[in-house]
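Under this note's numbering, read the sequence shown as residues 842 to 999, first letter to last.
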Amino acid sequence: MSDALLKACEQMIRPIRMPRDRAADLAQFWSAAPVIEVLPGTVLLREGDPGDSILFVMNGSVKVTVKGSSGQDVEAAILQSPMLLGATGVMDGKQRTSTCTVDEAATVLRMRRPVFMAAASRATPEAEAIRQLLLIIMHSQLLRATDQLRDALTSAPA
């Protein structure tokens, strides 16, 4: 496991409610994934594509867009590393819900769905750590979506 990978895992869990000692377990989980150096403008995930992999963006930034009602790309967010992308798609195998494009050069680890599902289902500290992280991330996303829906419903004219 590289020092850069461990540092990225430590940075990712720092702002969330996850024990700091889990960073080494996460780094071990990702250590076998291929490392890809990605240039700005590269599409990592495309809306509508199958959820066939999960990505760990160790450094760099990513622009997230979704298709608007008239088919145009609408910027939803610019995310700063470290981050996981494609977690929902890799869990259910369904279509991607957004397009993620590298905004600033990035180092990315990619794990294909069959490899991820097999590794995450094991009874190991590494698998437990990734499951815990995914639960925290998905819970946070659900809370944000609920807040956005509430804001949209309460600000709409009656």
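All C-beta atoms in this analysis are idealised placements derived from N, C-alpha and C, irrespective of residue type, glycine included.
As the structure is a prediction and not an experimental result, all values here were calculated from the model.
The beta strand (DSSP E) enclosing residue i, as first and last residue numbers
i    : result
S902 : S894 to K908
Residue i: first and last residue of the uninterrupted alpha helix (DSSP H) it sits in
i    : result
Q989 : P966 to S996
Q921 : Segment D914 to Q921 is the beta strand (DSSP E) holding Q921; no alpha helix (DSSP H) there.
E851 : D844 to I854
R863 : R863 to W871
Euclidean distance between Cα positions of residue i and residue j
i    : j    : result
T965 : L867 : 11 Å
A993 : I971 : 33 Å
G927 : G892 : 7 Å
T929 : G909 : 20 Å
Q921 : N900 : 8 Å
V898 : G912 : 27 Å
A968 : M859 : 14 Å
When the options are compared against residue i, the one with the closest alpha-carbon
i    : options                   : result
R985 : Q913, A917 and S911       : A917
A874 : V949, Q973 and R991       : V949
Q973 : Q982, A961 and L983       : A961
S843 : A959, F957, W871 and M979 : W871
L896 : L925, Q852, R887 and V915 : L925
Q869 : L983, M853 and L846       : L846
Presumed contact (8 Å Cβ cut-off) between residue i and residue j, rounded CB distance
i    : j    : result
G882 : V943 : 7 Å
G934 : R963 : Contact doesn't hold; Cβ gap of about 19 Å is too wide.
V903 : L885 : 7 Å
DSSP bridge partner residues for residue i (one or two, in chain order)
i     : result
L817  : The chain is shown only over 842 to 999; residue 817 falls outside these bounds and no answer can be derived.
L1001 : This structure does not reach residue 1001, given that the chain is present from 842 up to 999, and the question cannot be answered.
E945  : S902
L886  : C941
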